[in-house]
Each structure stands twice: as structure tokens, then as C-alpha cells.
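Heads up, the thing below is written out as C-alpha cells.
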Amino acid sequence: MSRAGFIRLLIVAVAIVGLEVACHAGLIDPITIIPPSAMAAGAWKLLISGRYTEDILLTLGSVALAAALAVAGGFGLGYGLFRLPRLRRALDPLLASYYAVPTFIFYPLFIVLFGLNRLPLVAIGFVFAVVAMAINTLTGFERVPPVLRRTARALRLSEPAALVQITMPACAPYLFTGVKLVIAYSFIGVIAGEFVLSGSGIGHEIAFAYNNFDNPTMYGLMLLLIGFVSGLNMLLFAWERRFYRRRGLT
Amino acid sequence: MSVAAKGPHASLRGVTRVYPAVEDHPPVHALGPVDLDLRPGEFFSVVGPSGCGKSTLLDVLAGLAPVSAGSVAFEGRAVAGEVPEGIGVVFQEDASFPWLTVWDNAAFALRRAAVSESVVSERVDHALSFMGLAGFASAYPAQLSGGMRQRLCIARTLVTRPRLLLLDEPFGALDQQTRLLMGDELLRIWRETGATVLLITHALDEAAMLSDRVGVMSARPGLLIEIVETRWPRDRDSTIVSRPEFGEVTGRLWARLRGESLKALELTGVGRGGMEIVR
């Protein structure tokens, strides 16, 4: 393990132990926060009971669908803007101010459009994530060195072949960043949507447990969610590091 | 080589290239009219002041850029719209693919050409060993020096066995010693492959050392104002720079080029400010 990794782990461990000690010493009201050991026990119980399996699968399914649509749609939008510079110039101010708009306000509209089911939540996750992918795709395409495009022509590649075999691998670091943001934003969009607007999913169950002062369930679900998202993030981080090292970018 | 009736390997007839107006910028007459015949198997270099259209000349010959007037032919067939089979191009900038290993970089064009895997292996192994990269086959370009990456780009082009090799200042980013050594490598490739080579360079000594003939271009719009024959033996290398004739060739090139370089400086406005141009 690297020195930085060791320090990072140490900080997390100290925070957990500190919280554990503070809770047991009565410095923190158990109505507010329960000890991390109780959170872990609650999470384990929830996991093996199977009580929330359907909610977990619903949430993960919605996030996966929102992320897949955002990656595909964002890539298409970014590529379209790259190919149509006039359209890009026209849309630039809208893209730049996109994240100033609270997208959750569109939830009623999505219910009207898609009905009372999971699709409005998927739509929230999608609209929250899609522009991050589009902007990263556009930036990636713009940063491809012109000499690689000329090389594609010198090697007599057709336009689709050049796109798949040269342009996309060349801008892969930007696409990868876009995918990472899409996953994070899809989680935020779907969970936050469930939290305030849905009758199912992990977000809803966390909100339900909170409203009923059921701290072990609330913190257990939060821990499960954090564990899953952190695990996914670490996996992406490890893959990204390997990918960047290969290209001499680290 | 299938050059029709022993004619020129490639030719340009009245080739002109004008870049169209873009928004507030007026059209730019970059090149021509230029007439040039490349003889089969010769080493031809083009020198000229900065911005004179040397790279544009290479682009139109390769089919990477359209001509505004005139015609380009390679092995008797018109070049238009795309790079013909048989032409290989190496650029000044690093054009290696950072996501592929050295071996896969070199194999890239052959795999596209649906060549059998055994032929790919044979040609790639040979090209990498020829370019001194055999020990780096599984490395990535990021692990190579600038000179090695440029050799990799040359290897990637060589495996396709081009009959006409177009080189756009391929050693421009290298130091002088490495350039001389790379020049020796290039001469070896030229001798062993029998390809016709067109080299674009701004280095007079490089052009004088490597070439059978050197074309001198004027300031923009680029015209071929003189073609200097070096009369070097085919079996030559960088030691030629110590011969008295080398100085004569370089001197002749510079005598023709000096005035054009001054014109180019005036065109770009360099001579109007703090720098005094001595005529």
C-alpha cells in the first residue's frame, strides 16, 4: 500500500473509532447517530433478512437504466455538438448553466409523461447525468490531436472505422470521466428522487425509517448504499489508474 | 513496383492550393502552381521558408488535401479525395496510438488490410527489429523516447510496404545528433525497400545529406524555384557531411533560400518590429 493510501485508511479508521467511542461515551445522542458497530450490525441484518432486497434491486436497476441512457444519450449529444459547431455555439450558454437548474422540479412533468412508476425516477437520474457525459464527450473529441485524424486518413480508414478505432480510444480518458460522473449523478438523481418523491427503493426506505425514528434501519441502509457506491468507485478508480498508467498519464 | 511505362512515380501538374475564406479571414493562396515529377526510387527533399506550403505540397500529393487547380498522379492514376494504396505518410508530430502496445501500433494498418496473422507477425517483427524496437514490442508509446516513437510511426508505415513514402518533417522535434542518426536509418530504409521518398524539411543540412534532389520553395505562395541535384552515391550515410561537396550543396541551397526566407519573415511581420533584417 502506498503512503498516501495508508494515511487515507488511517483517517477513515480514526473517524470510525472516534465516532464509536463518542457514541458509547454518551457524547452523541443515540437518537441522532448510533455507533458504527450498530450501523454495521443493522446493515448485515437487513442484507441477510432479504426484507429490502426488492428495494435495493429496484434502485440499482433504475440507476443502471438511467446511467446507460445517459451514457448513450450524452455520447450522441456530445458527438453531435462536435460535428455541428454552429449548434454547439448556440447551445454553449445553455450547457454552461445547465447544472444551475434544479432538475427535480421536472418530476411532476415526468409523472405526467411516464405515469406513476419507476420511469420518472429514471428520467430524473438521466437528465441529471446526461449533460456531464455530453460535455466530457465534446471535450474529448476536441482534444484528439489533429495528427491522429490525419493518420486515420493516411491509413485509409473510413469515417466510422476512424471513429471507433482511433478517435474514441484517443478520447477515452474523457469518456471515462464522463461515465464516472454519469454513475455518480445517476445515483444522486435516483436516490434523491426516491427520498422525496417515491414509494419504493432504498431512498424511500431511508426516508421512511427516518420518519419513524428507526435508526438501525436508516443507518444500516445508508451504510449499505455507501459501501456499494464506494466499492463501485474504487473499482472504477483502480481501472482508471491502470488505464492512465498505460498511457503514461500518471 | 508497378510504375506505368517507367514514367514519373508521382507527378504534380500546375498544382495550386488556395485555402478558402473563413469568417473574417480572406482566402490564402498557399501553394503553386507547382510542377514536379518524382522519379521512381529517388530520394527527394523539399526545403523552404516557414509557411511556404511545404506541408500543403505533401498533403495534396498524399490525397489528404484537395487541389484548387491542377492535377496529381501516382503511378499514372489521379490522386483525389483519399490516400491511394501504395503511399505511406509519416507526420512530424507523434502519431503513435497511446492505447496500443508498440507491437499493436506497428500491426495496426496491416490488421485493417485483412492480411493473414502470420504475415502480420512476420512483417511487424521484421519492421520492429529493423527500427531497433524489437526489445520494446510489449511497451506502450508513453514508455518510449520521442525518437523511438517517431521510429514506431515509421515502422507502422513501413509494414504496409509503401512504394512512395511521404515524410513531413519527421525528425523536426529531435536533437541534432539524433536527427543525423535517424537520417542514416532513413537512408537504410530507402535503400532496402527501394521506395521513392519525398521528405519535407526545414533543415538544409538534412536535405543535402539525404537527398538525390532537393526542391527549393519560395515564400508563400510556395513555388518550386530550383531543384538541386546532389549526385551523392546511393550507398551514403551521415559521414557525407564532412565532405567538401556537402558544404557546396548546402551553400547553394542557402543562397537560393535566403532571399525567400527574408520575404517570409516580412510576410509574417517579424522584420517590421524590433528585429533588423540585414540584406
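Protein chains in written order, with the working numbering: chain A, 1 to 250; chain B, 1 to 279. Backbone N, C-alpha and C define an ideal beta-carbon position, used for all residues, glycine too. Given the structure is predicted, the values throughout are model-derived calculations rather than measurements.
| Check | Outcome |
| --- | --- |
| Residue from F75(A), P36(A), F106(A) and F187(A) with nearest C-alpha to Y174(A) | F75(A) |
| C-beta neighbour in chain B for T137(A), strict 8 angstroms | no |
| Proximal residues of chain A, C-beta to C-beta of L112(B) below 9 angstroms | According to the sequence provided, residue 112(B) is Arg. The question's Leu does not apply to it. Result: L155, R156, L157, A161 and Q165. |
| I277(B) in three-state terms, based on DSSP | The predicted model places I277(B) with a pLDDT of 46, which falls under 50 and marks its position as unreliable, so this point remains unresolved. |
| Three-state secondary structure (DSSP) of E229(B) | strand |
| Q176(B), buried or exposed, once every other Cβ within 10 Å from all chains shown has been counted against 16 | exposed |
| Continuous alpha helix (DSSP H) stretch holding P146(A): start and end | P146 to A154 |
| Within the segment 45-118 of chain A, ranges of the alpha helix (DSSP H) (whole runs, at least 4 residues) | 53-83, 85-96 and 107-114 |
| Cβ pair count under 8 angstroms reaching 3, the segment 120-130 of chain B against the segment 51-58 of chain B | no |
| Contact under 8 angstroms by Cβ, P162(B) with G63(B) | no |
| Other residues of its chain near V18(B): CB distance less than 6 angstroms, five sequence neighbours each side excluded | P27, H29 and S68 |
| L232(A) at chain B interface by Cβ criterion, 8 angstroms | no |
| For Y174(A), the residue or residues it bridges with in DSSP | None, per the DSSP bridge assignment. |
| Residues that T196(B) bridges to, as DSSP identifies them | L164(B) |
| Members of the segment 132-145 of chain B near chain A, C-beta cut-off 8 angstroms | Y140, P141, A142 and Q143 |
| Proximal chain B residues relative to R247(A), where beta-carbon distance stays under 9 angstroms | P98, W99, Y140, P141 and A142 |
| DSSP three-state assignment for D104(B), whether helix, strand or coil | helix |
| Within chain A, partners of F91(B) - CB distance below 9 angstroms | V147, R150, T151 and A154 |
| CA-to-CA distance, A107(B) to W99(B), given in whole angstroms | 13 angstroms |
| Per-residue contacts from A172(A) into chain D (C-beta, under 7 angstroms) | No chain D appears in the structure shown, which is made up of the protein chains A and B. |
| Beta-carbon proximity check, F228(A) vs Y185(A), cutoff 8 angstroms | no |
| Within chain A, partners of E169(B) - CB distance below 8 angstroms | Simply none; closest approach about 12 angstroms. |
| Short-range partners of chain B found in the segment 73-107 of chain A, where Cβ spacing is below 8 angstroms | none |
| Contacts around A21(B), its chain only, beta-carbon distance under 8 angstroms, and the 5 residues preceding and following it disregarded | P27 |
| Segment limits, alpha helix (DSSP H) that includes S45(B) | Looking at the DSSP string, S45(B) is not in any alpha helix (DSSP H); the run it does join, the beta strand (DSSP E), is F43 to V47. |
| 7 angstroms Cβ shell around S261(B) - same chain, five flanking residues per side excluded | P49 |
| For A207(B) and V47(B), believed in contact at Cβ under 8 angstroms, the rounded distance | 5 angstroms |
| Backbone secondary structure at S242(B) - three-state DSSP | helix |
| Chain B within 8 angstroms of P169(A), Cβ atoms only | yes |
| CA-to-CA distance, P40(B) to G7(B), given in whole angstroms | 8 angstroms |
| Cβ-Cβ separation, I183(A) to T59(A) (assumed contact under 8 angstroms), whole Å | Their Cβ separation, rounded to whole angstroms, is 13 angstroms, which puts T59(A) and I183(A) out of contact at 8 angstroms. |
| Contacting positions in the segment 66-93 of chain B - beta carbon closer than 9 angstroms to chain A | E82, V83, P84, E85, I87, G88, V89, V90, F91, Q92 and E93 |
| For R77(B), the residue or residues it bridges with in DSSP | F74(B) |
| Close Cβ partners of Y79(A) (< 7 angstroms) along its chain, the five nearest in sequence each way excluded | T137 and F141 |
| Where P158(B) falls: helix, strand or coil (DSSP) | Residue 158(B) is actually Leu in this sequence, not Pro. Looking at L158(B) - three-state DSSP - the assignment turns out to be helix. |
| Inside the segment 157-243 of chain A only - alpha helix (DSSP H) runs reaching at least 4 residues | 159-162, 172-197 and 202-211 |
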